[in-house]
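Chemist: Numbering (my numbering), first residue to last: 22 to 198. Just so it is clear, CB atoms sit at the ideal spot from N, CA and C, and this is done for glycine as well. Sharing a structure, written as structure tokens. Questions coming.
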Amino acid sequence: MYARLPKERIGVAIGPSGEVKQEIERRTGTKLTLDSETGEVRIEPGEDPLGALMAREVLHAIARGFSSERAFRLFEDDQFLEVIDIRDFAGRSERALVRLKGRAIGEEGKTRQILEETTGAHVSIYGKTIAFIGTAEQLAVAREAIERLLGGSTHSSVYRFLERKRREMKRRFIRQR
């Protein structure tokens with residue numbers, strides 16, 4: 022099984038003194054071989070074939086701009102990765118891509134921060150994608166908010182939507198206890 026990393030993300034996947042690579046191998050029971058020229062990663066499965074899929078998912082999160090610490094959240098059973106391609110909303114226009122990326126980030130990162138704080142999901146805006154790590158419920162809310170933003174909704178209406186969803190999630194959490 023293979024994965025591909027952007028060249029500038031290889032260092033993150035290896036980590037200081039190879040610590041990140043070793044941690045992925047240890048937690049998934051795989052052997053990773055990284056080619057720093059091409060960015061290709063060979064994932065050799067161990068005894069558990071699901072380990073290779075997990076390693077590929079963690080590497081995909083790192084490739085999409087997450088720190089290794091945040092990518093390691095994917096080792097938890099209830100955490101998932103979701104990636105949205107901004108080009109689906111921008112078409113082929115480079116200017117539209119930059120504009121939509123700016124809308125998702127917000128002034129000084131405010132929109133991204135509000136999105137993370139209200140949903141509990143981690144958000145990475147990197148290249149032509151927006152990626153999330155969180156529970157299924159967190160991802161659904163974050164995806165809906167980003168799709169509204171990229172579709173042209175005002176920031177204030179998206180913030181109201183996020184606040185409403187946060188209250189609903191909080192109420193559901195309290196009822197479950």
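1) Check whether the region 57-67 touches the region 23-35, counting contact only when three or more Cβ pairs, one atom from each stretch, lie closer than 8 Å.
2) Do the CB positions of I154 and L95 come within less than 8 Å of each other?
3) Assuming the contact rule is C-beta atoms closer than 8 Å, L102 and A73 should be a hit. Round their C-beta distance to whole Å, please.
4) With a threshold of 16 other CB atoms inside 10 Å of the CB of T132, please say whether the residue is buried or exposed.
5) Find the nearest neighbour of E138 within the set V119, G112, A166 and S114, judged by alpha-carbon distance.
6) Are the beta-carbon atoms of K149 and I107 separated by less than 8 Å?
7) Return the CA-CA distance between G123 and F110, expressed in angstroms with no decimal places.
8) Counting only the same chain and skipping the five closest in sequence on each side, list residues whose C-beta sits under 7 Å from that of S57.
9) Taking 8 Å as the cut-off, decide whether the C-beta atoms of S89 and G36 are in contact.
10) Cutting at 7 Å between CB atoms, please list the residues of its own chain near D98, excluding the five before and the five after it.
11) What's the call for V119, buried or exposed, on a 16-neighbour Cβ count within 10 Å?
12) CB L183 to CB I146, shorter than 8 Å?
13) My output table needs one value for F96: the three-state DSSP class, helix, strand or coil.
14) Check this for me: beta carbons of H143 and R91, under 8 Å apart or not?
Modeler: If we stick to the structure as given:
1) The way I'd put it, the region 57-67 does touch the region 23-35; three or more beta-carbon pairs between them come closer than 8 Å.
2) The Cβ atoms of I154 and L95 lie closer than 8 Å to each other.
3) No, L102 and A73 are not in contact; Cβ-Cβ is about 16 Å, not under 8 Å.
4) Result: buried.
5) For the options V119, G112, A166 and S114, the alpha carbon positioned closest to that of E138 is the one of A166.
6) In this structure, I107 lies closer than 8 Å to K149 by Cβ.
7) When rounded, the distance between both Cα atoms is 13 Å.
8) Around S57: I31.
9) Going by C-beta atoms, S89 is nearer than 8 Å to G36.
10) Within the same chain, D98 has no close Cβ partners at all.
11) Taking all protein chains in view, the Cβ of V119 is surrounded by fewer than 16 other Cβ atoms within 10 Å, so the residue is classified as exposed.
12) It is not a contact, given that the beta carbons lie outside the stated cut-off.
13) F96: helix per DSSP, three-state reduction.
14) Yes; because the gap between Cβ atoms is below 8 Å, this pair is in contact.
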